[in-house]
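Quick notes on the structure that follows.
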Amino acid sequence: MKLHVVVALLVVTLLSGCVSMRTSEKHEYMEIERRLELASLEPIEENNPGLAAALNILPGFGNVYLEQWGAFIGNLLLWPVSVVWGAPQAYIDAKTLNKQETLYFYKHGLGKDELAQKEGMAK
20 MKLHVVVALL VVTLLSGCVS MRTSEKHEYM EIERRLELAS LEPIEENNPG LAAALNILPG
80 FGNVYLEQWG AFIGNLLLWP VSVVWGAPQA YIDAKTLNKQ ETLYFYKHGL GKDELAQKEG
140 MAK
């Protein structure tokens, strides 16, 4: 019975903590990244990947920093073993969340006008 609970928690943790981008988002991000470089603008760095990884050495605190509540609970319950996957997961997730935030900000948010203005100046 105890083994079933541990396996179930492990599955929930691994499935709930992954942040990914769809293929179309990856292509859009690559285009935005190119445009930002040409316009001398920086991508959004809302989450620090190193800090997220370091915090996940503690039981799931990197997930709290990234606001991933499901992964936090799973990593908390499976600590100290969760450090093995938790720290790298938090690092990768922070980078992916930053890419998603950059894509949204410069495609749909306030950065859209700023990027267009900088591109207009470059021409």
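Using this note's numbering, the letters of the sequence shown map in sequence onto residues 20 to 142. Glycine residues also receive a C-beta, built at the ideal position from the N, C-alpha and C atoms.
Outcome for residue i when other beta-carbon atoms lying within 10 angstroms are tallied against a minimum of 16
i: aspartate 132; result: exposed
i: leucine 74; result: buried
i: threonine 42; result: exposed
i: glycine 93; result: buried
i: leucine 22; result: exposed
Contact under 7 Å by Cβ, residue i with residue j
i: proline 62; j: tyrosine 110; result: no
i: alanine 58; j: lysine 137; result: yes
Residue closest to residue i, alpha-carbon to alpha-carbon, out of the options
i: alanine 106; options: Ala72, Leu55, Cys37; result: Ala72
i: leucine 122; options: Glu64, Met20, Cys37, Leu22; result: Glu64
i: methionine 40; options: Glu120, Phe91, Leu77; result: Glu120
i: phenylalanine 91; options: His23, Leu22, Met20, Cys37; result: Cys37
field: Touch test, the region 72-82 against the region 43-53, Cβ-Cβ under 8 Å, three pairs minimum
entry: The region 72-82 is not in contact with the region 43-53.
message: With a threshold of 8 Å, are at least 3 pairs of Cβ atoms found where one atom belongs to the region 97-104 and the other to the region 115-128?
response: Short answer: they don't touch.
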